[in-house]
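Student: For the sequence shown, position 126 (counting from the first letter as 1) is numbered 135 according to the numbering used here, and the numbering increases by one without interruption. Every residue, glycine too, gets a C-beta built ideally from N, C-alpha and C. Take this structure, written in structure tokens, and hold onto it; I'll ask about it next.
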Amino acid sequence: MLKGSFSERVLLAVISTLAALSIGLAHTPVKLNQTAIAAGGAIKSLVSLVNGTTNDLAKVQSAYALACITLAHADNQKLLLKEKFTFTLLIDLLYSSAREVSLGAGQALTTFAYNHIPTQKNIVKGGEICYEQFIQFLDSDDQEEQVTQLSR
Numbered sequence: 010m011l012k013g014s015f016s017e018r019v020l021l022a023v024i025s026t027l028a029a030l031s032i033g034l035a036h037t038p039v040k041l042n043q044t045a046i047a048a049g050g051a052i053k054s055l056v057s058l059v060n061g062t063t064n065d066l067a068k069v070q071s072a073y074a075l076a077c078i079t080l081a082h083a084d085n086q087k088l089l090l091k092e093k094f095t096f097t098l099l100i101d102l103l104y105s106s107a108r109e110v111s112l113g114a115g116q117a118l119t120t121f122a123y124n125h126i127p128t129q130k131n132i133v134k135g136g137e138i139c140y141e142q143f144i145q146f147l148d149s150d151d152q153e154e155q156v157t158q159l160s161r
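Have a look at this one:
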């Protein structure tokens with residue numbers, strides 16, 4: 010179960026729900042939902058969370074939700090660019106000592122990068138990512154950690 014206050018758990022549940030509504034099976038984008046979520050102002054709110062909250066888990070989950078909302082959706086990708094979102098903070102969180110935060114950052118980065126070369130180039134500009142950082146999850150006995158990294 011998630012640690013923290015009730016309001017933190019509710020926030021994380023809402024963020025997770027936005028991500029889940031944006032993608033279907035096999036990370037297939039659900040464009041109708043992505044469009045509706047973006048129209049509701051979620052991109053701006055999630056970028057604010059990534060940049061403003063002190064809760065690292067909320068930061069990486071917000072980034073993952075943004076990745077899902079923008080996955081294969083050119084209009085939403087443009088909205089994200091307008092918000093001046095950068096990958097530097099997310100790359101830093103990839104090296105967090107908190108395993109759940111590191112895994113979440115990797116999940117967000119790989120989802121952002123999936124089949125989108127301009128985003129891959131922006132991630133490279135954001136900082137260095139070492140393959141070794143992903144090995145800890147790929148070699149894990151926890152199948153969920155393995156799948157999280159392999160499915161992107």
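For ALA48, which option in LEU34, LEU27, LEU58 and ASP65 has the closest C-alpha, if you only look at C-alpha atoms?
Tutor: Measuring from the Cα of ALA48, the nearest candidate turns out to be LEU27.
Student: Would you kindly check if the distance between the Cβ of THR62 and the Cβ of LYS53 is under 7 angstroms?
Tutor: Cβ distance not < 7 angstroms, so LYS53 and THR62 don't count as in contact.
Student: Kindly indicate the opening and closing residues of the alpha helix (DSSP H) around ALA48.
Tutor: That run of the alpha helix (DSSP H) goes 40–48.
Student: Do the stretch 74–83 and the stretch 131–142 meet, that is, are 3 or more Cβ pairs less than 8 angstroms apart?
Tutor: Touching, no, given that fewer than three Cβ pairs across the two stretches are closer than 8 angstroms.
Student: Is the separation between the beta-carbon of LEU103 and that of GLN142 shorter than 7 angstroms?
Tutor: Closer than 7 angstroms, so yes.
Student: Which ranges does the beta strand (DSSP E) cover as unbroken runs of at least 3 residues, wholly within the stretch 60–127, from first to last along the chain?
Tutor: Those beta strand (DSSP E) runs which fall completely within the stretch 60–127 and span 3+ residues do not exist here.
Student: From the DSSP output, which residues share a beta bridge with ILE32?
Tutor: DSSP output for ILE32 lists PRO38 as bridge partner(s).
Student: Tell whether a beta-carbon distance below 7 angstroms holds between LEU118 and LEU98.
Tutor: No. Outside cutoff.
Student: Can you tell me whether ILE138 is helix, strand or coil according to DSSP?
Tutor: It is coil, neither helix nor strand.
Student: Going by the CB atoms, is the gap between SER31 and CYS77 shorter than 7 angstroms?
Tutor: Yes, the pair counts as a contact, with Cβ atoms nearer than the cut-off.
Student: Suppose you measure from the CA of PHE146 to the CA of LEU112; what does that come to, to the nearest Å?
Tutor: Rounded to whole angstroms, PHE146 to LEU112 spans 8 angstroms at the Cα level.
Student: Cβ of VAL110 within 7 angstroms of Cβ of ASP65?
Tutor: The answer is yes: Cβ separation under 7 angstroms.
Student: Could you give the distance in angstroms between the alpha-carbon of ILE144 and the alpha-carbon of ASN42?
Tutor: Using only the alpha carbons, I get a separation of about 33 angstroms.
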